[in-house]
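Participant: Going by the numbering used here, the residue at position 217 of the sequence shown is 224; the numbering climbs one at a time, nothing skipped.
Beta carbons are placed, not taken as given, at the ideal position from N, Cα and C, and that holds for glycine.
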Amino acid sequence: MKTYIKGLFLTGLAATAFGCTDLDVDIESQYTEYPINEITLEAKMADIYYHFSGVLGRRYMEQMGLSSDEWTAASYGGGWYDGGAYAHPTLHNYSYEDATLDWFGTITEGISKANKAIVDLGGNDAGAAVASARAIRAFFHWIIMDGWGDVPILDRIPEDGEEVARRPRAEVAKWIESELLAVIPDLTEDVNSNTYGKPTKWMAEALLAKLYINWPVYTASAVENYDAASATNEKLADCIKVCDDIINSGKFNLGSMSYREKFSYNNGPQVEDFIYAMPYDTQNRQGMQYGRSRCWKNIKKMNPSYFGDVLSQSGGGYITLTPEFVKKTFILPGDERNKCVIGLSNNIDDYRYVEGEDVNTVYVFDKSTLKMTNEVARVSGPDSDPLQLYVNVTLAAADDPTLDVGDNVNGYCQGCRSVKWYVIDDDFKNGRNQSNDVPIFRYADVLMMKAEALTRQGSSSDAKDLFNQIRKYAGAPELDHNPSLEEIYDERGREFFDENWRRNDMIRFGHFEDEYFPHYKSFPTASFDKTHRIFPIHKDILNLNPTWKQNAGY
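So this is what it looks like as structure tokens:
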């Protein structure tokens with residue numbers, strides 16, 4: 008399958024407000040000699056480093072989260088249905104018109120920017136001068152390969168009108184591996200405020216570990232042919248090796264701050280767990296809007312809201328937790344991660360989901376400490392009814408494909424909600440743009456990936472220590488036995504909840520076709536087609552590139 012590369016990148020230009028790239032310019036004629044120094048490198052790379060921020064801040068999050076068992080979409084009397092943009096991924100019944108899928112072109116535009124910088128700075132063989140751009144380029148390729156399967160390998164600026172073929176997913180994975188291995192020696196090993204949010208050796212190695220742990224998924228003969236029960240992974244030793252390099256560097260640790268502080272409105276380079284994160288600021292780098300979709304629908308009327316603030320903006324509230332995820336994940340006594348969710352329990356001293364307790368009071372948090380207080384949150388003013396959430400989600404009409412829960416207080420209370428990405432009004436009033444930085448790769452993930460690789464090799468005794476490092480700092484009970492793969496899968500659900508990794512984990516562990524609300528086999532519009540492990544190509548891409556074929560199963 009082939010496409011005109013000019014059309015592919017024009018899609019990115021139409022889909023984003025970032026700076027444009029004119030592919031018809033003769034790059035070689037622009038500069039006879041480009042001055043390479045720290046200042047020019049920083050200026051050249053800044054736009055590339057943060058190109059992913061807009062997509063990560065909303066659409067990427069929606070597509071990854073809603074296609075997993077963490078979240079289900081909700082509409083309110085038709086409000087927030089948006090043509091099925093949120094309901095379709097929840098049901099794995101995607102449409103190629105869904106707005107949550109319109110970001111492929113944005114990522115390819117980022118690749119275009121990286122390629123232009125690489126040319127300007129001396130080309131692919133320019134060593135340290137272009138290592139960061141090549142690492143970002145590899146990361147962007149991984150993003151679209153993970154989501155769409157077969158994608159072009161855009162390792163240079165093509166000639167005008169040149170056709171560029173989509174390449175098999177396995178070939179793209181191998182190219183990403185080769186790129187990362189090539190640039191790692193030239194990437195900085197520094198970890199400080201100056202390297203925060205930028206590619207380092209450790210970012211590239213964390214991406215390699217992700218690539219390796221998913222190797223049999225990415226190299227399967229077809230997406231539907233991957234079988235978690237029978238697949239073998241030839242890259243487990245390589246995964247362990249790069250994880251060990253990160254661990255032994257001493258650059259990162261789980262940190263002394265609480266779990267919830269890592270994701271708060273004032274997080275940043277001080278979080279020792281963050282290997283690679285996207286920085287956001289409500290004024291200067293906008294686009295992070297996780298709170299918008301997770302807030303209780305009528306949160307603007309609460310005084311105060313459960314965040315301890317009166318919020319100036321309303322909540323969208325179209326993303327709510329599935330009961331299945333709640334009931335298997337937030338159940339450990341003493342686990343601080345439980346308090347990233349509201350509506351789990353009426354008992355703030357032993358805050359966790361207990362079987363049968365399915366209607367629970369919401370409490371107000373202290374925004375300075377992020378701790379849950381014993382003050383009851385109320386649906387509007389101080390004398391109004393307590394806010395209570397239902398763990399089990401009930402639709403206003405059974406089998407309604409719009410997932411309407413009703414445009415009333417009862418509907419707004421369907422499902423527990425995440426408060427992991429803590430909201431304050433100083434941020435929220437600015438178009439709901441939050442200042443919470445979003446980690447992409449964390450040290451905790453490196454520990455868990457190594458534990459998983461060891462367990463898959465049969466060396467689970469060493470995996471137990473890695474696993475318990477996570478449990479211990481979260482305040483959860485430690486294992487007294489070697490972890491099973493299923494226990495690792497469940498623990499990943501706790502540790503990386505609401506961080507865009509669940510879909511990736513579900514596919515690798517063989518759970519993507521599981522049943523969870525409303526993705527039930529009895530639900531008329533739910534799909535269990537294994538080809539839906541990747542997404543359909545959005546209609547705008549197909550319209551601009553008529554030689555492309557839609558992904559199988561769509």
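Answer yes or no: do Asn443 and Ala470 have a C-beta to C-beta separation smaller than 8 Å?
Facilitator: In this structure, Ala470 does not lie closer than 8 Å to Asn443 by Cβ.
Participant: Using 8 Å for Cβ pairs, my map puts Gly342 next to Gly482. What's the rounded Cβ distance?
Facilitator: According to the sequence provided, residue 342 is Asp. The question's Gly does not apply to it. Rounded, the Cβ-Cβ distance is 6 Å, consistent with contact.
Participant: Closest by CA to Met264, which one among Asn273, Ala140, Asp105?
Facilitator: It is Asn273.
Participant: Just confirm the distance between the C-beta atoms of Val371 and Gly315, as a whole number of angstroms; I'd bet it's less than 8 Å.
Facilitator: So it is a contact: roughly 6 Å between Cβ atoms.
Participant: Taking only the alpha-carbon atoms, compute the straight-line gap between Asp357 and Gly413 and give it to the nearest angstrom.
Facilitator: If I take the Cα positions, the gap works out to 32 Å.
Participant: Would you decide whether Tyr93 is buried or exposed? Buried here means 16 or more other CB atoms lie within 10 Å of its CB.
Facilitator: Its Cβ being crowded by 16 or more others within 10 Å, Tyr93 is buried.
Participant: Three or more beta-carbon pairs under 8 Å between the segment 199-215 and the segment 132-149, yes or no?
Facilitator: Segments in contact, yes.
Participant: Any contact between the segment 44-63 and the segment 386-396? By contact I mean 3 or more CB pairs, one from each, below 8 Å.
Facilitator: As far as the Cβ criterion goes, the segment 44-63 does not touch the segment 386-396, which means the pair count is below three.
Participant: Given a cut-off of 8 Å, decide if Trp155 and Leu6 are closer than it, judged by their beta-carbon atoms.
Facilitator: Because the chain here runs from 8 to 561, residue 6 falls outside it and cannot be looked at.
Participant: Between Ala458 and the rest of its own chain, which residues show a CB-CB distance below 7 Å, the 5 nearest in sequence each way excluded?
Facilitator: Answer for Ala458: Ala470, Leu473, Phe474, Pro490, Ile495, listed in chain order.
Participant: Does the contact criterion of 3 or more C-beta pairs under 8 Å hold for the segment 220-238 versus the segment 176-194?
Facilitator: Contact holds: three or more Cβ-Cβ distances are below 8 Å.
Participant: Are Pro330 and Phe448 close, meaning C-beta to C-beta below 8 Å?
Facilitator: Against a cut-off of 8 Å, the Cβ pair of Phe448 and Pro330 comes out as no contact.
Participant: Measure the C-alpha to C-alpha separation of Pro79 and Asn437 and round it to an integer number of angstroms.
Facilitator: According to the sequence displayed, residue 79 carries Thr and not Pro. If I take the Cα positions, the gap works out to 27 Å.
Participant: Let me make sure I understand the geometry here. Which of Leu492, Gly90, Ser74, Gln464 has the alpha-carbon closest to that of Leu505?
Facilitator: According to the sequence displayed, residue 505 carries Asp and not Leu. That would be Ser74, whose Cα lies nearest to the Cα of Asp505.
Participant: Do the segment 180-200 and the segment 123-142 touch if we need at least three Cβ pairs shorter than 8 Å?
Facilitator: With the cut-off at 8 Å, the segment 180-200 and the segment 123-142 touch.
Participant: Comparing the CB of Leu396 with every heavy atom of the ligand ADP, is any distance shorter than 7 Å?
Facilitator: Because no ligand of any kind appears in the structure shown, any question about the ligand ADP cannot be addressed here.
Participant: What are the residues that DSSP puts in a beta bridge with Ala189?
Facilitator: Answer by DSSP bridge pairing: none, since Ala189 is not bridged.
Participant: Buried or exposed, going by whether 16 or more other CB atoms sit within 10 Å of the CB of Gly422?
Facilitator: Classification for Gly422: buried.
Participant: If you scan the segment 394-420 from start to end, which runs of the beta strand (DSSP E) of 3 or more residues do you find wholly inside it?
Facilitator: Complete beta strand (DSSP E) runs here, min 3: 395-397.
Participant: Is Met295 closer than 8 Å to Gln441 when the C-beta atoms are compared?
Facilitator: Taking 8 Å as the Cβ cut-off, Gln441 and Met295 qualify as a contacting pair.
Participant: Based on DSSP bridge pairs, tell me the residues matched to Phe448.
Facilitator: The partner list for Phe448 (beta bridge, DSSP) reads Tyr283.
Participant: Can you tell me the Cα-Cα spacing of Phe128 and Met210, whole angstroms?
Facilitator: The sequence shown places Leu at residue 128, rather than the Phe named in the question. Between Leu128 and Met210, the C-alpha separation is close to 22 Å.
Participant: Mind checking Gln293: buried by the 16 CB within 10 Å criterion, or exposed?
Facilitator: The residue in question, Gln293, is buried, as its Cβ has 16 or more Cβ neighbours within 10 Å.
Participant: Pull up the distance between the alpha-carbon of Ile349 and that of Met285, whole angstroms please.
Facilitator: If you take the alpha carbons of Ile349 and Met285, they lie about 26 Å apart.
Participant: Using a threshold of 8 Å, state whether the C-beta atoms of Thr532 and Pro408 are closer than that.
Facilitator: Yes, they are a contact pair.
Participant: Quick check on the DSSP output: the alpha helix (DSSP H) that includes Ile150 runs from which residue to which?
Facilitator: Where Ile150 is concerned, the enclosing alpha helix (DSSP H) stretches over 135-155.
Participant: Am I right that Met456 and Ala244 are in contact with their C-beta atoms under 8 Å? What's the rounded C-beta distance?
Facilitator: Actually they do not touch by this definition, with Cβ atoms about 13 Å apart.
Participant: Measure the alpha-carbon distance for Asp157 versus Asn381 and round it to whole angstroms.
Facilitator: Roughly 52 Å separates the two Cα atoms.
Participant: Please list, in chain order, all residues of the same chain as Ile306 whose beta carbon is under 6 Å from its beta carbon, the five residues on each side excluded.
Facilitator: Ser312, Leu318, Gly322.
Participant: What do you get for Tyr527, buried or exposed, if any count of 16 or more other CB atoms within 10 angstroms of its CB means buried?
Facilitator: Exposed, by the Cβ-count rule.
Participant: Output the boundary residues of the alpha helix (DSSP H) element that contains Ile548.
Facilitator: Residues 546-551.
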